[in-house]
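Under the numbering used here, the letters of the first sequence match residues 20 to 214, in that order. Idealized CB from N, CA, C, for every residue including glycine. Below is one structure, written out as structure tokens, with a few remarks after it.
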Amino acid sequence: MGPEFYDRPVVLVAQDLVGCVLAHAGTSGVIVETEAYHQSEPAAHSFGGRTERNRIIFGPPGRTYVYRSYGIHALFNVSAMRDGIGAGVLVRALEPVDGVDLMRARRGLQRELDLCSGPGKLTQALDIELKDNNQDLLAGPVTIAPRPPGWEQVELVSGPRIGITRAMDLPWRFCARGNRNVSKPWPPGLLDGAG
DNA sequence: CATGGGATTGACT
DNA sequence: GTCAATCCCATGC
């Protein structure tokens, strides 16, 4: 996945990231849920201009933006669009692939569907923390690889984004149809056709 | 420098 | 369905 992948409209980047493989520290998973955020809408951290926290998503595309949520969880994002535009994609869920037992140890849970089925869960499973903020995805250690065999034609189900209080009308949440690793609440029709 | 709130999760009624 | 945990950062004095 070259640098040009992230230098596109953030909604397209969010859609195309579903099916790609996120990897870090001996663990990896297929991205099955994303959300797009853009400076033009009030649910985005970048709405209202550049600050010390959100400066990453205003910077060059293809970098990690990791921030602390509710004092407990680290949430993982990818910066999108050219330098100067405040846009990013929140990765909300993975289907575990490599290092599943390591994920179990980090999460303190056994059930595979509980390992990466939420934005705070997958960062714990992959050991992504604030130390991984503002890193180049092409250089690592956090990497994103193109869709592997079987995922090229993944079907998307879109819906409103989760956990926000503003701009709830935008259908900027994208989920892999039929995949039970998607975080709840599931969008209508998630399991139709492929479940 | 003090304060308020959040792109969540897990436990509990 | 409700609710607390807990920390970073943005804002305001």
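Whole-angstrom C-beta distance between residue j and residue i, which should lie under 8 Å
| i | j | result |
| --- | --- | --- |
| residue 60 | residue 186 | 4 Å |
| residue 99 | residue 37 | 14 Å between Cβ atoms; not a contact. |
| residue 160 | residue 43 | 6 Å |
Pairwise C-alpha distance: residue j and residue i
| i | j | result |
| --- | --- | --- |
| residue 40 | residue 177 | 20 Å |
| residue 80 | residue 133 | 30 Å |
| residue 148 | residue 83 | 11 Å |
| residue 27 | residue 165 | 16 Å |
| residue 182 | residue 55 | 13 Å |
| residue 129 | residue 123 | 6 Å |
| residue 102 | residue 78 | 5 Å |
Reduced DSSP secondary structure (H/G/I, E/B, other) of residue i
| i | result |
| --- | --- |
| residue 131 | helix |
| residue 102 | coil |
| residue 139 | helix |
| residue 23 | helix |
| residue 211 | coil |
Beta-carbon proximity of residue i to residue j, cut-off 7 Å
| i | j | result |
| --- | --- | --- |
| residue 142 | residue 95 | yes |
| residue 85 | residue 97 | no |
| residue 51 | residue 114 | yes |
| residue 138 | residue 180 | no |
| residue 57 | residue 93 | no |
Taking one C-beta from the stretch 65-77 and one from the stretch 36-48 each time, how about it: are there three or more such pairs within less than 8 Å?
no
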